[in-house]
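Student:
In the numbering used here, the protein residues as written are 3 to 48.
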């Protein structure tokens with residue numbers, strides 16, 4: 003299974019509320035996801 007995540011807020015240098023929350027949720031998912039789960043992160047390339 004692949005879980006797609008919009009990680010554009012998590013990649014901002016100075017993380018505040020929503021940016022920090024996004025970063026922490028992605029990090030937690032990465033820690034607990036079993037090997038058959040892939041996380042695919044999308045960021046704003048501009």
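We put the CB at the ideal spot given by N, CA and C, even for glycine.
1) Please name the residue, chosen from 38, 25 and 3, that lies closest to residue 10 on a Cα-to-Cα basis.
2) Please name the residue or residues paired with residue 7 in a DSSP beta bridge.
3) With a threshold of 8 Å on Cβ separation, who are the neighbours of residue 38 within its own chain once the five nearest residues in sequence on each side are excluded?
4) Starting from residue 28, trace the alpha helix (DSSP H) in both directions and tell me its first and last residue.
5) Let me confirm a value: residue 29 is counted as buried when at least 16 other C-beta atoms fall within 10 Å, else exposed. Which label applies?
Tutor: Once the coordinates are examined:
1) 25
2) 43
3) 3
4) 19 to 34
5) exposed
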